[in-house]
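Asks: Protein chains in written order, with this note's numbering: chain A, 1 to 374; chain B, 1001 to 1284.
Where a beta carbon is used, it is the ideal one built from N, C-alpha and C, also for glycine.
Nothing here was measured: the structure is a model prediction, and the numbers come from that model.
1) Ordered along the chain, which non-local residues of its own chain (more than five positions away) have a Cβ less than 6 Å from that of residue 201/A?
2) Would you mind reading off the limits of the alpha helix (DSSP H) that contains residue 97/A?
3) Would residue 101/A pass as an interface residue toward chain B - the criterion being a Cβ-Cβ separation below 8 Å?
4) What are the start and end residues of the beta strand (DSSP E) that includes residue 343/A?
5) Output, in sequence order along the chain, the residues in the region 1197-1220 of chain B whose CB is closer than 9 Å to any CB in chain A.
6) Any C-beta of chain B sitting closer than 8 Å to the C-beta of residue 53/A?
7) Taking DSSP as the reference, what is the three-state secondary structure of residue 292/A?
8) Start and end of the beta strand (DSSP E) containing residue 280/A?
9) Anything in the region 1166-1197 of chain B with a Cβ closer than 8 Å to a Cβ of chain A? List those residues in chain order, please.
10) Hey, quick one: how far does the beta strand (DSSP E) through residue 250/A stretch, first residue to last?
11) Please state the DSSP three-state secondary structure of residue 376/A.
12) Who are the Cβ neighbours of residue 1231/B in its own chain at under 6 Å, not counting the five residues just before and after it?
13) Given this structure, state the Cα-to-Cα distance separating residue 1138/B from residue 1157/B, to the nearest angstrom.
14) Which chain B residues are close to residue 88/A, counting only those with a beta carbon under 8 Å from its beta carbon?
15) For residue 1242/B and residue 1061/B, what's the separation of their Cα atoms in angstroms?
16) Per the DSSP calculation, residue 54/A is bridged to which residue(s)?
17) Do the CB positions of residue 280/A and residue 271/A come within less than 8 Å of each other?
18) Would you say residue 84/A lies against chain B (beta-carbon separation less than 8 Å)?
19) Mark residue 1197/B as exposed unless 16 or more other C-beta atoms lie within 10 angstroms of its C-beta, in which case mark it buried.
20) In terms of residues, what are the limits of the alpha helix (DSSP H) holding residue 1155/B?
21) On the CB-based measure, 16 or more other CB atoms within 10 Å of its CB, does residue 1039/B come out buried or exposed?
22) Taking the beta carbon of residue 1203/B as the centre, do at least 16 other beta carbons fall within 10 Å, making it buried, or is it exposed?
23) Below 7 Å CB to CB, which residues in the same chain sit around residue 1063/B once its five sequence neighbours on both sides are set aside?
24) Could you spell out where the beta strand (DSSP E) holding residue 319/A opens and where it closes?
25) Please work out which residues of its chain come closer than 7 Å, Cβ to Cβ, to residue 1234/B, disregarding the five sequence neighbours upstream and downstream, and give them in chain order.
26) Can you list the beta strand (DSSP E) stretches of 3 or more residues lying completely in the region 157-188 of chain A, in chain order?
27) Taking only three categories from DSSP, how would you classify residue 374/A?
28) Please list the residues of the region 147-159 of chain A that have a C-beta atom closer than 8 Å to any C-beta atom in chain B, keeping them in chain order.
29) What residues match up with residue 30/A in a beta bridge as DSSP calls it?
30) In angstroms, rounded to a whole number, what distance separates the CA positions of residue 143/A and residue 113/A?
31) Look at the alpha carbon of residue 146/A and the alpha carbon of residue 1188/B, and state the distance between them as a whole number of angstroms.
32) Going straight from the alpha carbon of residue 156/A to that of residue 188/A, what length do you get?
33) Excluding five sequence neighbours on each side, which residues of the same chain lie with their C-beta closer than 8 Å to the C-beta of residue 380/A?
34) Using 8 Å as the Cβ pair cut-off and three pairs as the minimum, do the region 1096-1106 of chain B and the region 1254-1268 of chain B touch?
35) Tell me which residue opens and which closes the beta strand (DSSP E) that residue 332/A is part of.
36) Starting from residue 1088/B and walking both ways along the alpha helix (DSSP H), at which residues does that stretch end?
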């Protein structure tokens, strides 16, 4: 993506007393992106968003919107609008009055307001609801009012603070889809804050993962998931098995890591840029582990892309979580370590009929593990 | 076929006791003790007897007398004027105080919050004496002012105790305000002043109504403080009634009191109705 930067954070820091909420963050968001700020609660993502809106002022650093330094500009004079977590729909005004409010305070002529309100309500599929009061709306509809109210101002960036957290699962799914569709349709940059990694992966074109006020990693959803740069990111996004190990061999075309928790070495078909002998962490996603039945005493089969005896371990099923579309198996290895493996439920009942106590082989490809240096 | 056995009646819980006769009796007793005196007062206002002890037949004469009694009318107009003006002033002052306490942090804020409840807890007689001393010795209020300026001392006294009631009510109401609402207005382009008028004041409205109602009734029926601050030309209705019963409890007093009750109840009903049309949004 080589768009024009619409929001730029330059060494932004925000402290609350002794707590550093946002710690020297520099980040650039391009025009037209669907950008997600992702992190556990208290990581500073909301503070960062509120600083874009002007509801918080950074202690250090600058924020540029569309090339303009807005660090000291009050919220009512910024070309961005926000959808609040509680939606903050004004309860004493009708839906139409809520949507019109931003234009009214701007001094737009009445004659122009009415058609624009209608258009905005149509955009969020609330046409015909203009005369209702917010207490006659469902949570999802109230959120649409908040959306229309923000979008009618034609913001350069739409800020969304945990927009889906108050909706039920089904509606959340639908709104995810609608939000991405809406963004495609109007082309406005969306900056969304969420603690829900599924939400971020599903909607965003790019994400920033934050922890304790620090930016951990910025990248596309697949980058973050498949190429995390730290144990925090690997663990925060999706499920993962992490093994601490030692880098034994690091060649340009392969690497070998031995982990105390794994009975066999981890073989990689690519090099790792680390010092030989250094401590590294092997992150293996549950869905990248293949599960197969094992007869006690049998020899391990060879993985086609790894030397004999590498990337395959023996274990016993300890726990099975049926999730509908897939099942999560918790397998205890010979050394006592527990590994999670995910299997898609390809058929309506398990052909191999794995049960608790079943001896199994766990195997993975040489390209599957992500190697983390911190 | 075996007869289906009814399950034994569950033991009544605390909320079921209203269905039991001892409790009903208790409720009935309460109602009688609360309302019997009022009912008697009203009934005897129609009694055709000066002595007003025994029922001697129905008459509206005393209402006619009350309505013709100039000094009583004067006192009544005084009371209403004082109540209206002091209500408006205490709502404005109380709302501003509530906003201040809700919105800002400043040194000695707990002190101010405590001081606010002093007029609520200090015995009225002390307040009355304090105002008497204040308005005679410290800031002598000129007595020869034309009406309604001569009511100034009483109005100030009334505002000084009723605005703290307004402030407490409005402060409680503001506690339920969602700050994101204010931020949303700012975000949509409203200035701080606009946000206050468009978003915060509408949220305060039920509190303003309730507080105003409280201030109005407090002022209208205040006797003790008014007694100490009123002069010969600034008699209010309660003070006048007091002076009337010093001679004897005539049906005139009953009639005047009945009128006052009717007016207060009517005003309260109107205010509650106005507030009710507004209360539907509280759910949000």
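Replies: Taking the coordinates as given:
1) Residues 221 of the same chain have their beta carbon placed closer than 6 Å to that of residue 201/A, with the five preceding and five following residues left out of the count.
2) 95-106 is the extent of the alpha helix (DSSP H) around residue 97/A.
3) Taking Cβ atoms only, chain B reaches closer than 8 Å to residue 101/A, which makes this a yes.
4) Run containing residue 343/A: 338-344, per the beta strand (DSSP E) assignment.
5) Under the 9 Å Cβ criterion, the region 1197-1220 of chain B contributes 1198, 1199, 1202, 1203 and 1205.
6) Closer than 8 Å: yes.
7) Correct three-state label for residue 292/A: strand.
8) 279-284 is the span of the beta strand (DSSP E), which, as asked, contains residue 280/A.
9) Considering only beta carbons, the part of the region 1166-1197 of chain B lying closer than 8 Å to chain A consists of 1178, 1180, 1181, 1183, 1184, 1185, 1186, 1187, 1188, 1189, 1190, 1191 and 1194, in chain order.
10) 241-250 is the span of the beta strand (DSSP E), which, as asked, contains residue 250/A.
11) Outside the displayed span of chain A (1 to 374) sits residue 376/A, for which this structure offers no information.
12) Excluding residues up to 5 positions away in sequence, 1143 lie with their Cβ nearer than 6 Å to the Cβ of residue 1231/B in the same chain.
13) Roughly 14 Å between the two C-alpha positions.
14) Those within 8 Å of residue 88/A in chain B are 1178, 1180, 1181, 1183 and 1184.
15) The alpha-carbon atoms of residue 1242/B and residue 1061/B are separated by roughly 21 Å.
16) Answer is none; residue 54/A lacks a bridge partner.
17) No; because the gap between Cβ atoms is not below 8 Å, this pair is not in contact.
18) True, the Cβ-Cβ gap to chain B drops below 8 Å.
19) With fewer than 16 other Cβ atoms inside 10 Å of its own Cβ, residue 1197/B counts as exposed.
20) Residue 1155/B -> alpha helix (DSSP H) spans 1152-1174.
21) Exposed, because fewer than 16 other Cβ atoms sit within 10 Å of the Cβ of residue 1039/B.
22) By the neighbour-count rule (16 or more Cβ atoms within 10 Å), residue 1203/B is buried.
23) Within the same chain, residue 1063/B has close Cβ partners 1255.
24) Where residue 319/A is concerned, the enclosing beta strand (DSSP E) stretches over 312-322.
25) Excluding residues within five positions, the ones whose Cβ falls inside 7 Å are 1078, 1150, 1151 and 1154.
26) If we require 3 residues or more, the beta strand (DSSP E) runs fully inside the region 157-188 of chain A come out as 157-161.
27) Of the three classes helix, strand and coil, the one that applies to residue 374/A here is coil, per DSSP.
28) Against chain B - using a Cβ distance shorter than 8 Å - the residues of the region 147-159 of chain A are 149, 150 and 153.
29) DSSP lists 5/A as partners of residue 30/A.
30) When rounded, the distance between both Cα atoms is 21 Å.
31) Cα atoms of residue 146/A and residue 1188/B: separation of roughly 11 Å, rounded to the nearest angstrom.
32) So the alpha carbons of these two residues sit roughly 6 Å apart.
33) Because residue 380/A is not part of the residues shown, which for chain A are 1 to 374, the question remains open.
34) Cβ pair count under 8 Å is below three, so no.
35) Per DSSP, residue 332/A belongs to the beta strand (DSSP E) from 326-333.
36) Per DSSP, the unbroken alpha helix (DSSP H) holding residue 1088/B starts and ends at 1070-1103.
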